[in-house]
Structure formats: structure tokens, C-alpha cells
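K.L.:
Structure incoming, see below.
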Ligand code: SRM
Ligand code: SF4
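In the numbering used here, the protein residues as written are 78 to 657.
So, in C-alpha cells, the structure goes:
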């Protein structure tokens with residue numbers, strides 16, 4: 078018997094413009110949240126309904142999280158200044174850099190959603206399709222931010238972003254045309270628009286019409302994709318966008334200093350559910366080579382394969398990685414070739430040598446400078462004497478650098494004149510942010526997801542406990558005589574894998590309050606999956622267990638061997654080991 082489609086499939090088919098009842102809910106001041114079905118529709122608009130989980134004992138306090146779109150993490154200074162103001166006006170005062178180079182506003186109350194999203198659009202960005210069953214934010218290398226190849230890759234990433242935007246008419250009619258603004262931000266917004274000096278790159282092309290004249294999306298149709306879809310670009314040898322974890326990846330092929338095209342990767346994805354063997358993390362397969370002018374055709378064809386072959390009967394099994402795993406790479410190559418009219422030629426050789434961000438000052442190809450800054454767990458905030466938010470506002474106002482959000486939740490300020498470097502440093506030091514220049518190779522490589530109190534799916538803490546845990550891991554390194562050695566440690570509050578723990582050297586995956594699965598054996602290049610070493614370890618015992626491993630590693634390692642590589646091979650594994 079055929080399995081029935083999921084409820085989400087019926088919702089999409091019923092309202093393919095994705096409008097739901099959002100308009101009516103917004104118009105009713107007595108409502109503090111969206112109803113059941115709209116919780117699904119709002120995701121396509123970049124909104125997640127949440128409640129403060131610290132306060133649940135006294136009743137649910139609803140708010141939403143709003144996620145922006147920033148291809149390649151690029152945020153012009155003017156746009157950043159608008160976001161800075163909006164985060165204080167409508168959110169919890171912080172801006173959260175995500176693991177896919179976007180910003181999230183947390184704690185937005187119902188009446189603030191309209192003005193917030195309208196202002197984001199006025200500042201020439203968008204929240205369209207940053208969630209939902211569509212292509213999400215497209216990542217691209219942020220480090221180094223400016224050279225001829227980097228610029229070309231950014232152009233391709235933007236072109237593909239536009240081609241894969243859903244053409245829903247509801248987004249603009251609800252949030253742009255449907256909201257009146259009276260915030261006194263006009264001058265700031267005008268400056269943001271002037272600094273961007275182009276039309277909104279996130280405005281989708283118009284929808285097409287079906288036989289009855291109704292608008293229809295030529296790629297997504299009426300029911301969009303079976304599930305989310307993620308796309309990234311990378312420039313070897315730096316795998317800073319963790320390209321193998323994407324549904325679709327484009328790896329730059331460079332010959333004689335020129336961007337020849339890309340190797341296509343398909344079928345990465347990390348989300349799993351504890352105890353559900355149908356779900357697992359997977360790294361992408363290498364499919365073939367394409368030239369730059371094929372990016373949109375190939376990208377659209379891969380998305381269409383997900384649309385047509387993804388599992389619409391089980392949302393936990395609906396990502397394209399399962400199509401690749403179950404039908405095989407050869408099947409996929411043939412299917413893609415059929416849609417393109419010819420198979421892609423073989424992929425060219427490529428090698429990643431590492432990932433992660435560089436901190437401090439670097440010269441760009443055009444003679445200007447960029448500054449790599451560490452942002453602890455991606456949270457731009459003012460807290461006590463540490464006033465990163467204030468410092469960045471002042472820097473944006475005075476020097477107008479381009480902000481680039483990295484896929485490790487850090488920040489690059491680029492296009493800075495040599496003569497401004499000293500003043501920028503002074504501002505950061507004066508606001509108590511000296512750590513941002515040199516976090517070291519453990520903090521600087523680390524990543525944690527938001528988890529509690531905002532994430533409705535969190536089983537355990539992550540962002541709030543990660544800095545203290547990393548400090549203990551650094552202390553354990555010192556005790557084992559391996560202080561300051563590079564180490565990729567990532568933590569999530571549940572098995573969905575938002576901070577990508579599954580290909581880290583050490584991954585902590587929330588299992589229950591205060592308990593984590595401890596994953597080991599990923600590598601610094603992001604090209605190997607970690608495996609579960611111990612299940613349900615108490616939070617306090619994590620640094621102790623790791624400390625013992627560090628001692629063994631220090632004794633046994635080969636010259637230059639990284640911890641993750643040692644752990645992958647060492648005789649530390651219980652047999653048989655199981656994936657999380
Ligand atoms: Fe994620 C769901 C946060 C990157 C896999 N993710 C969520 C939600 C929206 C929870 C929810 O559905 O209610 C989280 C919101 C928490 C909050 O309070 O902010 C959330 N995900 C994040 C961010 C903010 C984590 C971060 O530390 O930065 C990242 C936002 C990226 C962005 O800007 O678009 C984020 N999420 C990822 C990644 C990593 C990546 O894409 O590089 C993954 C693993 C890769 C993958 O997709 O397989 C990831 N998030 C998930 C999943 C599991 C999907 C699956 O296939 O099973 C969920 C749950 C779901 O979709 O049902 C999820
Ligand atoms: Fe929430 Fe889990 Fe993602 Fe963390 S990994 S943000 S707990 S869904």
C-alpha cells in the first residue's frame with residue numbers, strides 16, 4: 078500500500094502562494110501567535126514561532142525568530158546599521174550570526190514582525206525562503222573576502238540564489254506592500270540603500286501563469302520541495318563553508334589563476350533523529366564538472382530532482398541525501414544528464430587542506446585590508462564590559478566596511494583603508510573586545526547552536542554552556558602538554574546538527590537535559606564524518622573523558638597528526654560503533 082503524503086504536502090497544495098492565514102493573524106491585535114497551519118507557512122517567510130523555554134513553568138511566552146538572507150554572508154555597512162537598530166527595537170537586542178552566514182533576530186513579538194521584515198526589505202535584504210521547503214541561504218567563502226576568483230564565485234552564488242528563489246506573491250504583498258512603516262529609520266534605510274547601490278538582489282523574478290492564469294512557480298510548482306535544500310560554494314584548499322554537508326555544493330576549479338568552473342557535489346546533510354535508523358548524517362558525493370555558464374541550469378536541475386524524487390511521505394526521510402544513498406550516484410548522474418541533455422564530464426581533482434576562519438588583519442588583492450574577528454557563538458551583543466555590538470556600530474558608522482558573516486559564526490570586516498586600521502582596533506579594545514583578534518585555535522574553530530532557551534527542538538543546552546566547556550577543554554589540552562593546538566569542537570542541543578558536530582574532530586550532540594553523545598574522528602578539513610564514541614555522557618564528565626583521550630593522543634600520535642585523525646584510527650573504539 079502506498080504511504081500517504083505528509084500533512085505539509087496538503088498545506089502547500091492548498092495555498093501555493095504560501096499566504097496561509099498570516100494576514101488575518103497579523104491584523105488581529107488580540108493574537109500573540111500564529112495558529113497550527115500557519116506555523117508551517119511562516120517558515121517560508123523566514124519566521125519560526127518559538128517561546129522562551131526558561132519561562133515555561135509560568136506559562137508560554139510566544140515570540141518569533143526571524144532569519145535574513147545574506148548570500149555568501151555579505152552585509153553592506155548600511156544594511157548592518159539598520160539591523161543593529163532593528164535588533165534593539167524589535168528583538169532581544171542581539172544579532173546572531175548563523176552557521177549558514179545569515180543573521181537571526183530572536184525574541185520578536187507579534188506586533189514587531191511586520192515592521193521588522195518590512196525594514197529588512199527596505200534595507201535591500203530579505204527573509205524570503207530562509208526556512209521552509211525551498212533552497213535556503215546560499216553560502217560562499219568569506220575568507221579571504223576579496224580577490225578576482227572570490228568575486229566571481231560571489232557573482233555565481235548571487236545568480237543561483239536568484240534563480241532558486243520561490244516566486245510566491247504572498248511574501249511581498251504581506252510584508253512589503255502590506256506593512257506601513259513609521260519608525261523614524263528613513264535616513265538609516267536611505268543610507269543602506271545608497272551603500273548597496275543596486276536593486277534588491279533578493280526580489281524574485283515574477284511568477285509565471287498556468288493555463289487558468291493563476292501564478293505558478295516554474296521550478297517549485299505548487300508543492301515546492303519535499304524538504305529544505307541547502308546550497309554552498311567553496312574555493313579549495315579552504316573548506317570554510319563545510320561544503321560536503323550541503324545538499325548541493327559547487328567547488329571552484331581554478332587553473333592558471335582563472336575560475337574554470339565547478340565540481341558539483343550532491344547529497345550532503347546532517348540532521349538525524351535519536352533512535353531512528355532511517356535517518357543519518359551523510360557527506361555529499363562528487364558528481365561531475367560544470368562550467369560557470371552552467372551553474373543555474375545545473376543547480377535548477379538538481380533542485381528539480383529533489384522536487385521529483387524526494388520522499389514526500391516522511392519528512393524525516395525527505396532530504397536529497399536519502400535519494401543519493403538509496404538510488405546511488407550512478408543513477409543520479411544519469412538522471413541529471415537526462416535533464417541537462419548530456420551528462421556532466423568527470424570532476425577535476427581537488428583537495429581541501431583545512432577550514433575555519435583567520436583572525437586579525439590581512440591585505441586584500443585590491444590593496445585594502447580585511448579584519449577577521451572572533452564572535453563567541455556568533456552572538457553580537459553588549460554584555461557587561463564586552464560591548465561588541467556598540468563597537469561594530471561605531472565602526473560601521475565611521476568607516477563603512479563590508480561585513481561578511483562566516484560559516485563558523487564569525488565576522489570579517491572588509492574593504493578597510495590602511496589608514497583606518499589603528500582607529501578600528503582602538504574602538505574594539507576600548508569596548509572590551511580584545512579577544513576578537515586572537516581567540517586561539519580551539520575557541521576560534523568552535524561552534525555551538527542556539528538551543529535553549531529559544532529553540533523548540535533542543536533536548537539539552539548548547540550556546541549557553543559552550544564557552545565554559547571549551548575553556549575546560551583548553552585546560553585539558555594544557556594538562557596533556559598539547560596547549561593551543563588546533564581543534565575543531567562543535568556542540569548542538571539535539572541531533573539535528575545545526576552547528577555541524579557530525580564532521581567535527583569532537584562533537585557533542587544533546588541527548589537529554591545535561592547529557593550528550595560524544596562524537597569523535599571527524600577531521601579539520603570537514604571531509605570525514607565523526608562517529609559516536611560514548612552515548613549520554615553527563616556534561617560535567619565530557620572534559621574529563623576528553624582530557625584522558627588528550628593524554629593518550631599526546632603519547633601515541635604520529636608527527637603532525639591532528640587529534641581527529643588520531644581518534645579515527647586509535648584503539649579507543651568499542652566494537653561495534655554506531656552512528657548517532
Ligand atoms: Fe538548523 C531546525 C537553527 C543550520 C539542521 N535549526 C532548526 C531550528 C529552526 C529549530 C526549529 O525547527 O524549530 C533552529 C532555530 C534555533 C534558534 O532558536 O535559533 C535551527 N540551524 C540553526 C542555526 C541558527 C544554527 C546556528 O548555530 O547557527 C543555523 C541557521 C542556518 C541558516 O542561516 O540558514 C542552522 N541546521 C543548520 C545546519 C548546518 C548547515 O546547514 O550548514 C543543519 C545541518 C545540515 C542539514 O541541514 O542537514 C541544520 N535545523 C536542522 C534540522 C535537521 C534537518 C534534517 O534534515 O533532519 C532541523 C529540524 C528540522 O528541519 O525539522 C533544524
Ligand atoms: Fe535547535 Fe537542535 Fe538545531 Fe540546536 S541542533 S538549534 S537544539 S534544532
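Each residue gets a CB set at the ideal place from its N, CA and C atoms; glycine is no exception. As the structure is a prediction and not an experimental result, all values here were calculated from the model.
Quick one: what's got a C-beta closer than 8 Å to residue 528's C-beta in the same chain, skipping five residues either side?
P.N.:
Within the same chain, residue 528 has close Cβ partners 535, 537, 538, 539, 540, 541, 569, 570, 571 and 587.
K.L.:
According to DSSP, simplified to helix, strand and coil, what is residue 212?
P.N.:
Residue 212 falls in the strand class under three-state DSSP.
K.L.:
In whole angstroms, what separates the C-alpha of residue 550 from that of residue 388?
P.N.:
In a straight line, the C-alpha of residue 550 is about 41 Å away from that of residue 388.
K.L.:
I need the straight-line Cα distance from residue 317 to residue 600, nearest angstrom please.
P.N.:
The alpha-carbon atoms of residue 317 and residue 600 are separated by roughly 13 Å.
K.L.:
Any chance the CB of residue 208 is under 7 Å from a heavy atom of the ligand SF4?
P.N.:
No.
K.L.:
Within the continuous beta strand (DSSP E) that includes residue 252, where are the two ends?
P.N.:
Residue 252 -> no beta strand (DSSP E), and no H or E assigned at all.
K.L.:
Which residue comes first and which comes last in the beta strand (DSSP E) that contains residue 588?
P.N.:
Counting along the chain, the beta strand (DSSP E) containing residue 588 begins and ends at 583-589.
K.L.:
For residue 177 and residue 118, what's the separation of their Cα atoms in angstroms?
P.N.:
In a straight line, the C-alpha of residue 177 is about 21 Å away from that of residue 118.
K.L.:
The ligand ZN and residue 527: does the residue's C-beta get closer than 7 Å to at least one heavy atom of that ligand?
P.N.:
You won't find the ligand ZN in this model; what it holds is the ligand SRM and the ligand SF4.
K.L.:
Please go through the same chain and pick out, in chain order, the residues whose beta-carbon is closer than 7 Å to the beta-carbon of residue 159, but skip the five residues on each side of it.
P.N.:
Only 196, 200, 262, 265, 266 and 269 meet the Cβ criterion.
K.L.:
Determine the extent of the alpha helix (DSSP H) in which residue 91 is found, giving its start and end residues.
P.N.:
Taken as a continuous stretch (DSSP letters only), the alpha helix (DSSP H) holding residue 91 covers 84-91.
K.L.:
Give every residue of the same chain whose Cβ lies closer than 6 Å to the Cβ of residue 489, excluding the five residues on either side of it in the sequence, and list them in chain order.
P.N.:
Same-chain partners within the cutoff: 219, 222, 447, 449 and 481.
K.L.:
Out of 451, 395, 343 and 392, which has the shortest C-alpha to C-alpha gap to residue 409?
P.N.:
Measuring from the Cα of residue 409, the nearest candidate turns out to be 343.
K.L.:
Counting Cβ pairs, one atom from each stretch, are 3 or more of them under 8 Å apart for the stretch 123-137 and the stretch 324-341?
P.N.:
No, the stretch 123-137 does not touch the stretch 324-341.
K.L.:
Where do the ends of the beta strand (DSSP E) carrying residue 332 lie?
P.N.:
Counting along the chain, the beta strand (DSSP E) containing residue 332 begins and ends at 325-332.
K.L.:
Check each candidate in 186, 583 and 413 and name the one with the smallest Cα separation from residue 520.
P.N.:
Checking every option, the nearest Cα to that of residue 520 belongs to 583.
K.L.:
Pick helix, strand or coil for residue 541, following the three-state DSSP scheme.
P.N.:
Residue 541 falls in the coil class under three-state DSSP.
K.L.:
List the endpoints of the continuous beta strand (DSSP E) containing residue 408.
P.N.:
No beta strand (DSSP E) holds residue 408; the alpha helix (DSSP H) holding it covers 406-417.
K.L.:
So what does DSSP say about residue 473, is it helix, strand or coil?
P.N.:
Looking at residue 473 - three-state DSSP - the assignment turns out to be helix.
K.L.:
Which word fits residue 440, buried or exposed, when buried means at least 16 other C-beta atoms lie within 10 angstroms of its C-beta?
P.N.:
Exposed.
K.L.:
Would you call the stretch 84-99 in contact with the stretch 233-250, where contact means no fewer than 3 C-beta pairs closer than 8 Å?
P.N.:
These segments touch.
K.L.:
With respect to the alpha helix (DSSP H) encompassing residue 519, which residues constitute its N-terminal and C-terminal limits?
P.N.:
Element bounds for residue 519: 517-520.
K.L.:
What is the DSSP secondary structure of residue 100, reduced to helix, strand or coil?
P.N.:
Helix, per DSSP.
K.L.:
Hey, could you find the ends of the alpha helix (DSSP H) residue 376 is sitting in?
P.N.:
From DSSP, the alpha helix (DSSP H) with residue 376 extends over 372-386.
K.L.:
What residue range does the beta strand (DSSP E) around residue 368 cover?
P.N.:
Residue 368 -> beta strand (DSSP E) spans 362-368.
K.L.:
When every heavy atom of the ligand SF4 is checked, does at least one fall within less than 7 Å of the C-beta of residue 571?
P.N.:
Yes - the ligand SF4 has a heavy atom lying nearer than 7 Å to the Cβ of residue 571.
K.L.:
Could you check if residue 260 belongs to the surroundings of the ligand SRM, using beta carbon to heavy atom distance under 7 Å?
P.N.:
No; taking the cut-off as 7 Å, the Cβ of residue 260 has no heavy atom of the ligand SRM nearer than that.
K.L.:
Kindly indicate which residue of 627, 375, 202 and 591 has the alpha-carbon position closest to the one of residue 147.
P.N.:
When only C-alpha atoms are compared, the closest one is 202.
K.L.:
Between the C-alpha atoms of residue 356 and residue 260, what's the straight-line distance to the nearest angstrom?
P.N.:
When rounded, the distance between both Cα atoms is 46 Å.
K.L.:
Following a CB-centred definition, is residue 144 positioned closer than 7 Å to any heavy atom of the ligand SRM?
P.N.:
Residue 144: yes, Cβ under 7 Å from the ligand SRM.
K.L.:
Quick one: is residue 515 buried, meaning 16 or more other Cβ sit within 10 Å of its Cβ, or exposed?
P.N.:
So residue 515 ends up on the exposed side.
K.L.:
Do three or more CB pairs link the stretch 303-322 to the stretch 157-172 at distances below 8 Å?
P.N.:
Touching, no, given that fewer than three Cβ pairs across the two stretches are closer than 8 Å.
K.L.:
Beta-carbon separation of residue 174 and residue 457 under 8 Å?
P.N.:
For residue 174 and residue 457, yes; Cβs fall inside 8 Å.
K.L.:
Residue ranges of each alpha helix (DSSP H) run of no fewer than 4 residues wholly in the stretch 218-300, ordered along the chain?
P.N.:
With a minimum length of 4 residues, the continuous alpha helix (DSSP H) runs that stay inside the stretch 218-300 are 225-240 and 263-273.
K.L.:
Does the Cβ of residue 353 lie closer than 7 Å to at least one heavy atom of the ligand SRM?
P.N.:
Incorrect: residue 353 has no Cβ contact closer than 7 Å to the ligand SRM.
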